[in-house]
Each structure stands twice: as structure tokens, then as C-alpha cells.
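Below is one structure, written out as C-alpha cells; comments come after it.
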Amino acid sequence: MAQKKKACLLAAIITVLATTTPVSAVSVTLQGAVQTALEKDIDVLKAMEDTKKSEAAKIVAGSALMPSLSLGFNYTRKDGKYALAGQRDAYGASLTATQPLYTGGRATALLRQSQSYEISVAQSINDKKEAVALVVIRQFSQILHLRENVAAARDSLAFAENHLKEVVKKEALGVANRFEVTRAEQQMSSYRTQLIAAENDLESAKITLLTTLRLDPHSDVDFQGSLDYVPYRGDRQESLGKAMTNRPDLKAAIASLSVQKDEIQVAASGLRPKVDLKASYTWDDPQDATGIDDDDWKVALEVDIPLLDRNETKGKIIQQKAIYRQQELELERLKEAIISDVAQAWLDLETAKETVSSTSLDLELASESLRLSQVGYKEGVSSQIDVLDAQASYTKVRKEHAAALSDYAVKVATLKRIEGELVQFIMTSGGDIS
Numbered sequence: 003m004a005q006k007k008k009a010c011l012l013a014a015i016i017t018v019l020a021t022t023t024p025v026s027a028v029s030v031t032l033q034g035a036v037q038t039a040l041e042k043d044i045d046v047l048k049a050m051e052d053t054k055k056s057e058a059a060k061i062v063a064g065s066a067l068m069p070s071l072s073l074g075f076n077y078t079r080k081d082g083k084y085a086l087a088g089q090r091d092a093y094g095a096s097l098t099a100t101q102p103l104y105t106g107g108r109a110t111a112l113l114r115q116s117q118s119y120e121i122s123v124a125q126s127i128n129d130k131k132e133a134v135a136l137v138v139i140r141q142f143s144q145i146l147h148l149r150e151n152v153a154a155a156r157d158s159l160a161f162a163e164n165h166l167k168e169v170v171k172k173e174a175l176g177v178a179n180r181f182e183v184t185r186a187e188q189q190m191s192s193y194r195t196q197l198i199a200a201e202n203d204l205e206s207a208k209i210t211l212l213t214t215l216r217l218d219p220h221s222d223v224d225f226q227g228s229l230d231y232v233p234y235r236g237d238r239q240e241s242l243g244k245a246m247t248n249r250p251d252l253k254a255a256i257a258s259l260s261v262q263k264d265e266i267q268v269a270a271s272g273l274r275p276k277v278d279l280k281a282s283y284t285w286d287d288p289q290d291a292t293g294i295d296d297d298d299w300k301v302a303l304e305v306d307i308p309l310l311d312r313n314e315t316k317g318k319i320i321q322q323k324a325i326y327r328q329q330e331l332e333l334e335r336l337k338e339a340i341i342s343d344v345a346q347a348w349l350d351l352e353t354a355k356e357t358v359s360s361t362s363l364d365l366e367l368a369s370e371s372l373r374l375s376q377v378g379y380k381e382g383v384s385s386q387i388d389v390l391d392a393q394a395s396y397t398k399v400r401k402e403h404a405a406a407l408s409d410y411a412v413k414v415a416t417l418k419r420i421e422g423e424l425v426q427f428i429m430t431s432g433g434d435i436s
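Here the sequence shown stands for residues 3 to 436, numbered as in my numbering.
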């Protein structure tokens with residue numbers, strides 16, 4: 003409840019910011035972004051409308067064995083030569099109560115269907131939430147990645163500016179030529195262009211996420227978080243067990259299969275006996291010719307036994323059994339897909355882990371190479387091209403490492419999505435997706 007209030011407050015604040023001059027940016031964590039998406043996403047809201055259908059199905063199912071009451075009226079105008087004197091007009095009323103006692107299994111099947119359908123709807127909503135959460139995590143991780151690219155581009159530009167100043171000094175001292183100055187100027191211009199592109203990419207990613215959250219894309223929002231590497235603990239067998247137990251789409255498919263199984267029973271009830279208890283009271287006016295009051299009441303036990311329906315019920319049963327078998331096969335395919343998804347997710351996670359380790363080492367080496375080239379250039383033992391190449395290499399590897407960290411976080415989130423625990427994982431981990 004606290005998270006829900008927090009997300010609602012966030013949405014309200016951003017709405018106000020859209021119409022007024024912002025004083026400072028609103029801070030949004032991954033956890034807050036996911037919570038906002040879960041409450042505002044169109045697909046989730048549409049899925050939640052199915053709960054009304056579920057409630058309606060329960061009402062219909064519950065009514066199958068409930069008594070019904072009907073009130074009827076009649077009026078008859080008779081021809082003069084057939085009617086008794088003064089009795090050309092006849093009218094009456096009836097009140098009938100019906101209590102179903104046995105419906106051939108239809109009522110109990112409908113009740114079980116409504117319960118299974120309720121489970122299916124709830125799990126479908128959870129599945130939509132899991133899918134939306136993964137989208138938000140991907141977009142949020144992309145923002146953190148691009149933000150690091152912007153930082154790398156700014157550092158590169160600052161380096162280029164300082165290097166240009168150093169080369170200009172060297173030229174004044176006669177230890178550097180004009181070509182080196184020009185080359186330093188070209189590098190500075192290139193890094194300035196890269197910075198502009200990186201900043202635009204970051205703003206575009208922010209707009210994409212804000213659109214997903216159904217917030218004003220021009221809102222001044224500061225997405226809080228960092229690309230930290232924390233190795234994920236677990237194994238494939240554990241993930242497979244979780245997926246087979248927790249996956250909401252699997253639970254929904256199993257519940258839908260139960261719904262279809264009871265649909266066969268509903269169809270089969272067409273050739274089974276029906277037993278109703280009926281009570282009625284009838285009032286007529288005028289009285290008959292004998293002067294006896296025509297008001298009457300009766301209680302009856304009615305048994306309806308179908309004998310022949312031209313194979314209509316048989317056809318419906320065959321049809322519903324075929325649908326049931328199709329859903330059985332779809333359930334088997336889903337289970338097989340889950341096994342495959344778990345295996346692939348772990349392969350992807352291991353690859354992402356190795357990439358993080360590799361780029362981390364590359365970053366250390368590139369940083370040391372840059373340091374040595376700068377020292378060597380100042381002491382006159384390294385050329386300018388060595389320094390420029392080392393800086394370009396360092397910037398490139400820094401971006402690759404940021405991309406690797408972002409990709410690893412997304413791979414972890416993808417695995418939790420496959421396990422069916424992504425929303426719970428995010429909401430209990432404090433927004434840490436590593």
C-alpha cells in the first residue's frame with residue numbers, strides 16, 4: 003500500500019510539473035518506475051477489467067440452483083355467442099416459484115468453471131504485470147547505460163580540451179608542430195559531436211520510458227540508479243522448478259484447461275434428466291358458470307428426461323472434447339517452451355557475466371595504457387598519436403563495459419521473468435536488478 007501511495011504521489015507531482023516551471027527534477031527509482039507502470043499500463047488495466055467478467059460468471063453459476071419467481075397476467079376477449087352473459091371479458095394472474103433440484107450436472111460444472119476462470123483471470127493479470135515490469139527494466143537499464151555514455155563523452159571532451167592546451171604550449175616552446183595542434187583540435191571537435199549524440203540518445207531513452215509510464219514525456223525526471231555488478235546466485239534446476247511453480251501464464255493455462263473440462267460436462271447435461279420443484283398460485287376473474295371460485299394453487303415435482311435431441315448434444319460434446327485436447331497440447335507446448343527458456347536464459351546470463359568480466363579487465367588495461375601514454379607524451383618518449391589512440395580506446399571500452407553491465411542486469415531480469423518472480427524480485431530487492 004505504501005508503494006502504491008508513493009507511485010500515485012509521483013504521478014501527481016509530475017503532472018503538476020508539466021504545467022508549472024520546475025524547480026528541480028523529480029527523482030524516480032527503478033522500483034518506483036515499475037510500480038507506476040503496474041498501476042497505469044493500458045494492458046494491465048484491460049486485463050483487470052476481466053475481473054468483472056469473473057465476478058459475473060460467479061453470479062451466473064450461483065444462480066443455476068437458486069429459486070426463481072415469475073408473475074404472469076392474462077386477458078381474454080370472448081365473442082358474444084360463445085361467452086356467458088356478462089362474461090365476455092376474462093382476466094387473471096399467476097405467481098410461480100421454481101426450485102431446480104437437479105440440472106444434469108450443469109450447475110455444479112458452471113460453479114467449478116467460475117472458480118477456475120477466476121484463477122485464470124488473476125494469473126493473466128499477474129502475467130501482464132510481469133511483462134510490463136520487464137519492459138520498464140529494459141528501458142531503465144538503457145537510461146543508466148546511456149547516462150554512462152554521456153559521462154564518458156564529457157570526460158573525453160575534457161581530456162581533448164586539456165590535451166589541446168598542452169599541445170599549444172608545446173608548440174609555443176617549439177617541441178610540437180602545427181599538425182599536432184590541428185590533430186588535437188579535430189579530436190576535440192569529434193568528442194564534442196559524440197557528446198551531443200550521447201545526450202540526445204539519453205533524452206530519447208527518457209522519453210521512451212516516460213511514455214511507457216504514461217507520464218508527460220517533457221517532465222523533468224531524474225532516474226536514480228547505477229550500473230553495479232552483483233553476480234546472480236542460483237542454478238538452472240532451481241530456476242526450472244520456480245518457473246514450473248510460479249509462472250502466471252502456466253497457472254492461467256492450467257486453470258483454462260479446467261474451465262474447458264467443465265465445458266464438456268455442461269454440454270453433456272443436455273441429455274441428462276432435469277428435476278424442478280414448482281409451486282404456483284392462479285387467480286381468475288370472472289368465476290365459472292357454476293359459481294365456484296377459479297382461484298387455484300398447486301405444488302408439483304417436474305422431471306424432464308430427454309430421449310432424443312437429433313444428436314445435438316453428442317455433437318457439442320465432441321466439439322468441446324476437441325477444444326480440450328487442443329488446450330492440452332498448448333499446455334504441453336508451454337511447458338516445453340519454459341524448459342527451453344530457462345536453459346537459454348542461463349546461457350545468456352553466463353555469456354553476459356563473461357562479457358562483464360572481460361570488459362572490466364579491458365577497462366583496467368585501457369585506463370593504464372592511457373595513463374602511461376600521457377606520462378610518456380609529457381616526458382617526450384611517446385607520440386601524440388599514442389595518446390589519442392589510448393584515449394579513444396579507453397572511451398570505447400568504457401562504453402562497452404557500461405553496455406555489458408546494463409545487459410547483465412536485463413538478463414537477470416529476464417531470468418526472473420521466466421521464473422515468474424520478476425515483480426516480487428524488484429519490489430523486495432530495493433530496485434537492485436543485479
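Ideal Cβ positions, reconstructed from N, Cα and C, are used throughout, including at glycine.
Residue i: first and last residue of the uninterrupted beta strand (DSSP E) it sits in
{"i": "D78", "result": "At residue 78 the sequence reads Thr, which differs from the Asp that was named. Run containing T78: S70 to R79, per the beta strand (DSSP E) assignment."}
{"i": "D224", "result": "V223 to F225"}
Alpha helix (DSSP H) segment containing residue i, residue limits
{"i": "A347", "result": "E314 to E381"}
{"i": "L309", "result": "First-last for L309: undefined, no H or E at that position."}
{"i": "S260", "result": "P250 to A270"}
Residue i (DSSP reduced to helix, strand or coil)
{"i": "Q101", "result": "strand"}
{"i": "G94", "result": "strand"}
{"i": "Y234", "result": "coil"}
{"i": "D218", "result": "coil"}
{"i": "E423", "result": "coil"}
{"i": "L303", "result": "strand"}
{"i": "A178", "result": "coil"}
{"i": "A404", "result": "helix"}
{"i": "S384", "result": "coil"}
{"i": "T31", "result": "coil"}
{"i": "D297", "result": "coil"}
{"i": "L113", "result": "helix"}
{"i": "D52", "result": "helix"}
{"i": "D286", "result": "strand"}
{"i": "T21", "result": "A caution first: T21 carries a pLDDT of 43, below 50, which makes its placement in the model unreliable, though a value can still be read off. Reduced to three states, the DSSP call for T21 is helix."}
{"i": "A281", "result": "strand"}
Through-space distance from residue j to residue i, alpha-carbon basis
{"i": "V414", "j": "D251", "result": "19 Å"}
{"i": "A200", "j": "I340", "result": "38 Å"}
{"i": "Q426", "j": "E168", "result": "54 Å"}
{"i": "D264", "j": "E314", "result": "18 Å"}
{"i": "A255", "j": "L333", "result": "6 Å"}
{"i": "L417", "j": "V223", "result": "29 Å"}
{"i": "G422", "j": "R249", "result": "4 Å"}
{"i": "T430", "j": "S260", "result": "33 Å"}
{"i": "F225", "j": "D237", "result": "32 Å"}
{"i": "Y379", "j": "S385", "result": "6 Å"}
{"i": "Q239", "j": "V389", "result": "49 Å"}
{"i": "E381", "j": "G176", "result": "15 Å"}
Integer-rounded CB distance, given that residue j should sit under 8 Å from residue i
{"i": "Y326", "j": "I266", "result": "6 Å"}
{"i": "R79", "j": "D91", "result": "6 Å"}
{"i": "Y193", "j": "L159", "result": "4 Å"}
{"i": "I121", "j": "K253", "result": "7 Å"}
{"i": "E150", "j": "L229", "result": "6 Å"}
{"i": "T214", "j": "V137", "result": "6 Å"}
Any C-beta of chain C under 8 Å from that of residue i
{"i": "T353", "result": "No chain C appears in this structure, which consists of one protein chain only."}
Practice task
Could you tell me whether the region 93-102 touches the region 67-80, using the rule of 3 or more Cβ pairs below 8 Å?
Solution key: yes
Handout entry: Meets three-Cβ-pair contact criterion under 8 Å: the region 120-130 and the region 169-184
Key = no
Exercise for the section: Could you say if the region 355-371 and the region 317-336 meet the contact criterion of at least three C-beta pairs nearer than 8 Å? Expected result: The answer is no - the region 317-336 does not touch the region 355-371, with fewer than three Cβ pairs under 8 Å.
Handout entry: the region 232-249 touching the region 34-43, judged by at least three CB pairs closer than 8 Å
Key = no
Exercise for the section: Would you check if the region 134-151 and the region 301-310 touch, i.e. whether three or more CB-CB distances between them fall below 8 Å? Expected result: no
Problem - Any 3 or more C-beta pairs closer than 8 Å across the region 391-407 and the region 352-365 - result: yes
Problem - Three-pair Cβ contact test at 8 Å for the region 268-278 versus the region 373-391 - result: no
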